[in-house]
Amino acid sequence: MCGVFGVVTPSAEPTEAAAVATLGLFALQHRGQESAGVAVSDGEQLMLYKDLGMISSVLDERRLPSLRGNLAIAHCRYSTTGSTVWENAQPTYRQGPRRAIAIGHNGNLVNTRELLTQLTGGRARLPASTDTELLTALLADEPATDTVQALIQVLPRVHGAFSLVILDQRRVIGVRDPHGFRPLVLGKVPGPSQLGGPSDGGLWGTDDADVGWCLSSETAALDIVGAEYVRDVEPGEIVILERGVPPRSVRYAAADPKLCVFELIYFARPDSYMEGRNLYEVRRRMGEQLALEHPVDADLVMPVPDTGAPAAAGYAEASGLPYREGMYRNRYAGRTFIQPSAGLRHRGVTIKLNPLREVVNGKRLIVVDDSIVRGTTTKRIVELLRKAGAREVHVRISAPPIYHPCFYGIDTSIETELIASTHTEAQIETFIGADSLGYLSIRGVLAALDLPYDRFCFACFDGNYPVPVPYDAANRKFMLEEPVAAVTRG
Ligand code: SF4
Numbered sequence: 006m007c008g009v010f011g012v013v014t015p016s017a018e019p020t021e022a023a024a025v026a027t028l029g030l031f032a033l034q035h036r037g038q039e040s041a042g043v044a045v046s047d048g049e050q051l052m053l054y055k056d057l058g059m060i061s062s063v064l065d066e067r068r069l070p071s072l073r074g075n076l077a078i079a080h081c082r083y084s085t086t087g088s089t090v091w092e093n094a095q096p097t098y099r100q101g102p103r104r105a106i107a108i109g110h111n112g113n114l115v116n117t118r119e120l121l122t123q124l125t126g127g128r129a130r131l132p133a134s135t136d137t138e139l140l141t142a143l144l145a146d147e148p149a150t151d152t153v154q155a156l157i158q159v160l161p162r163v164h165g166a167f168s169l170v171i172l173d174q175r176r177v178i179g180v181r182d183p184h185g186f187r188p189l190v191l192g193k194v195p196g197p198s199q200l201g202g203p204s205d206g207g208l209w210g211t212d213d214a215d216v217g218w219c220l221s222s223e224t225a226a227l228d229i230v231g232a233e234y235v236r237d238v239e240p241g242e243i244v245i246l247e248r249g250v251p252p253r254s255v256r257y258a259a260a261d262p263k264l265c266v267f268e269l270i271y272f273a274r275p276d277s278y279m280e281g282r283n284l285y286e287v288r289r290r291m292g293e294q295l296a297l298e299h300p301v302d303a304d305l306v307m308p309v310p311d312t313g314a315p316a317a318a319g320y321a322e323a324s325g326l327p328y329r330e331g332m333y334r335n336r337y338a339g340r341t342f343i344q345p346s347a348g349l350r351h352r353g354v355t356i357k358l359n360p361l362r363e364v365v366n367g368k369r370l371i372v373v374d375d376s377i378v379r380g381t382t383t384k385r386i387v388e389l390l391r392k393a394g395a396r397e398v399h400v401r402i403s404a405p406p407i408y409h410p411c412f413y414g415i416d417t418s419i420e421t422e423l424i425a426s427t428h429t430e431a432q433i434e435t436f437i438g439a440d441s442l443g444y445l446s447i448r449g450v451l452a453a454l455d456l457p458y459d460r461f462c463f464a465c466f467d468g469n470y471p472v473p474v475p476y477d478a479a480n481r482k483f484m485l486e487e488p489v490a491a492v493t494r495g
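Structure, rendered in structure tokens:
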């Protein structure tokens with residue numbers, strides 16, 4: 006996944022852009038917890054700081070004051086290509102013959118091998134093993150004199166999912182791939198006059214009444230930094246932000262929107278908006294649909310906290326059953342789904358979730374969650390609830406079964422690790438130890454969204470991939486490590 010944020014501040018205060026980009030990034034921490042970084046430009050020079058770890062541990066008050074400039078981009082990483090090592094943290098940076106650029110990327114490219122060959126016949130030395138590093142090298146080395154022209158030359162050759170924030174000396178540039186798999190929104194940053202003037206002491210400083218602009222993976226981050234949502238960056242569009250002028254738009258490809266439906270079901274924050282819909286409300290309606298499709302007699306409806314909560318509320322409302330919190334979630338542990346190894350994931354469930362014995366003891370429970378990927382987390386949750394005295398555990402999932410891997414930015418692993426691709430629903434029910442199991446249908450998801458199927462990517466549910474995936478799926482995450490290691494050794 007990853008979270009990206011970019012900003013051109015209205016204030017003359019030189020450390021504000023890095024601070025605001027970091028604040029925006031905090032609102033996107035759920036999108037990636039492996040590394041974080043900020044790149045800034047003062048109009049002449051780019052500066053970058055990045056490291057492995059959560060945003061709060063990487064970008065603290067000791068680092069930010071040294072990152073001076075009115076333009077900034079920020080990134081938090083969840084790896085889909087390349088290992089979790091410092092070199093692969095973002096933003097990337099490269100000084101090419103014509104330009105220096107930094108990039109933050111959300112998504113995953115599918116023609117990475119082909120692009121590597123294009124880069125000086127595959128003999129280029131890359132400092133990292135990510136598709137983003139490759140894209141950065143292609144853009145920095147492109148002969149066109151201007152960054153936007155370089156993008157127009159390079160982007161048509163790049164296939165897959167990419168929502169980008171790009172920093173050069175004078176601009177912050179937002180880009181979305183022609184399908185718009187990953188979200189990216191444009192926000193307007195109020196000047197001090199809109200905040201009540203200098204005495205207001207507002208977030209955006211006091212010495213410059215100009216309006217600023219920002220880009221974000223999700224609208225929630227705009228709320229957090231006090232920016233106003235303007236519009237989505239369109240699929241196939243480049244949006245250019247500069248100080249003191251309104252954003253400019255350049256279209257480099259026709260739009261064929263296929264927003265990842267998983268963003269709406271699970272990944273993005275419930276207080277964000279996508280396709281004009283609030284995601285809490287979308288998920289609540291998914292829960293209503295789930296109750297219609299898979300009713301069962303029980304004593305109460307409970308969510309797997311926190312992400313199952315809106316759908317559980319919808320299920321409870323539609324079924325007329327009481328809603329209760331049946332588990333406490335430790336908010337200081339990372340999200341299980343994006344922990345990198347099976348061992349850590351297993352330990353993660355116990356560390357994170359503890360049943361509320363008073364609520365669940367002796368009860369017939371409907372437990373609502375938003376997805377089953379490998380099945381191990383759900384199995385553990387059912388075990389914990391039974392151990393706490395639950396009489397029956399009926400699992401309800403507010404998404405269809407995941408049969409196929411994602412190649413566009415969610416590391417759902419290879420097909421054989423997806424329980425739905427190797428087990429029937431009856432077998433999954435037995436594996437997780439539930440009394441019953443029910444998944445929401447694709448039709449139910451669409452009823453909740455109230456939007457047509459062809460606006461979304463549903464590939465992990467139905468195998469209908471909008472962009473063909475030409476290489477061996479099994480090795481895709483680490484595919485650049487061998488060639489890069491080889492050229493480095495050479
Ligand atoms: S394959 Fe699934 S997770 Fe990947 S972009 Fe499509 S809907 Fe989203």
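So the mapping is simple: this note's numbering equals the position in the sequence shown, first residue as 1, plus 5.
All C-beta atoms, glycine included, are put in the ideal place defined by N, C-alpha and C.
Since the structure is predicted, the reported quantities are computational estimates derived from the model, not experimental observations.
Cβ-heavy atom distance, residue i to the ligand HEM, below 7 Å
i	result
alanine 303	Among the ligands in the structure shown, the ligand HEM does not appear; only the ligand SF4 can be found there.
Among the options, nearest to residue i - alpha-carbon criterion
i	options	result
glycine 42	His80, Tyr257, Asp65 and Thr152	His80
aspartate 182	Val387, Thr381, Phe167 and Ser441	Phe167
glycine 8	Val190, Gln174, Leu160 and Ala155	Val190
leucine 172	Pro96, Arg290, Asp467 and Pro188	Pro96
alanine 258	Ala105, Leu30, Gly241 and Ala296	Gly241
methionine 332	Thr381, Ser324, Thr312 and Glu147	Thr312
phenylalanine 186	Thr135, Trp218, Ala225 and His110	His110
glycine 217	Ser16, Gly443, His399 and Val301	Ser16
cysteine 265	His428, Lys384, Ala316 and Pro410	Pro410
glutamate 363	Arg334, Lys357 and Arg329	Arg329
valine 63	Pro148, Ile437, Ile356 and Ala24	Ala24
lysine 55	Gln38, Asp47 and Ala321	Gln38
leucine 124	Phe463, Leu139 and Arg460	Leu139
valine 3	Leu451, Ala44, Thr150 and Glu420	As displayed, the chain neither begins before 6 nor continues past 495, which places residue 3 out of reach and without an answer.
serine 426	Gly438, Arg236, Gly11 and Tyr408	Tyr408
serine 254	Thr122, Ser324, Ala149 and Glu239	Glu239
phenylalanine 31	Leu53, Thr14, Asp65 and Thr381	Asp65
glycine 367	Lys384, Leu72, Thr381 and Arg396	Arg396
arginine 99	Leu28, Asp261, Glu420 and Thr137	Thr137
proline 300	Tyr444, Phe267 and Val250	Tyr444
proline 406	Ile437, Val398, Ser446 and Ile419	Ser446
asparagine 317	Ala303, Gln174 and Ala296	In the sequence under discussion, the amino acid at residue 317 is alanine, which differs from the asparagine named in the question. Measuring from the Cα of alanine 317, the nearest candidate turns out to be Ala296.
leucine 28	Val250, Gln294, Pro251 and Gly11	Gly11
threonine 381	Thr435, Val250 and Ser61	Thr435
tyrosine 470	Val13, Asp151 and Val115	Val115
proline 252	Val180, Arg288 and Asp228	Val180
valine 450	Cys462, Leu442 and Asp440	Cys462
Proximity below 8 Å, CB of residue i to CB of residue j
i	j	result
asparagine 75	alanine 22	yes
isoleucine 424	isoleucine 377	yes
isoleucine 178	valine 153	yes
alanine 145	isoleucine 270	no
leucine 51	alanine 107	yes
alanine 232	glycine 192	yes
proline 327	tyrosine 285	no
valine 163	leucine 120	yes
glutamate 322	arginine 379	no
proline 78	alanine 155	Inspection of the sequence shows that residue 78 is occupied by isoleucine rather than by proline. The answer is no: Cβ separation not under 8 Å.
serine 222	arginine 82	no
arginine 401	tyrosine 320	yes
proline 195	arginine 460	no
glycine 438	lysine 384	yes
tyrosine 413	asparagine 113	yes
alanine 226	leucine 33	yes
Counterpart residues of residue i in DSSP-defined beta bridges
i	result
isoleucine 229	Paired residue(s): none; isoleucine 229 is not in a bridge.
glutamine 100	Ala105
isoleucine 243	Val180 and Val255
cysteine 465	DSSP lists no partner for cysteine 465.
leucine 370	Leu305 and Val398
isoleucine 78	Gly11 and Ala44
isoleucine 171	Ile108 and Ile178
tryptophan 218	Val13 and Lys193
valine 250	Glu247
arginine 236	Leu191
Could you tell me which whole alpha helix (DSSP H) segments of length 4 or greater appear in the region 103-163? 117-123, 136-146 and 152-159
Decide yes or no for the touch test of the region 354-373 against the region 301-320: beta carbon pairs closer than 8 Å, at least 3 of them. yes
Mind the definition here: the region 391-405 touches the region 240-251 only if three or more C-beta pairs lie below 8 Å; say whether that holds. Contact fails: fewer than three Cβ-Cβ distances are below 8 Å.
Which runs of the beta strand (DSSP E) spanning at least 3 residues fall entirely within the region 310-334, listed in chain order? Runs of the beta strand (DSSP E) inside the region 310-334: 332-334.
Pairs of beta-carbons, one from the region 445-458 and one from the region 277-291, closer than 8 Å: are there three or more? The region 445-458 vs the region 277-291: in contact.
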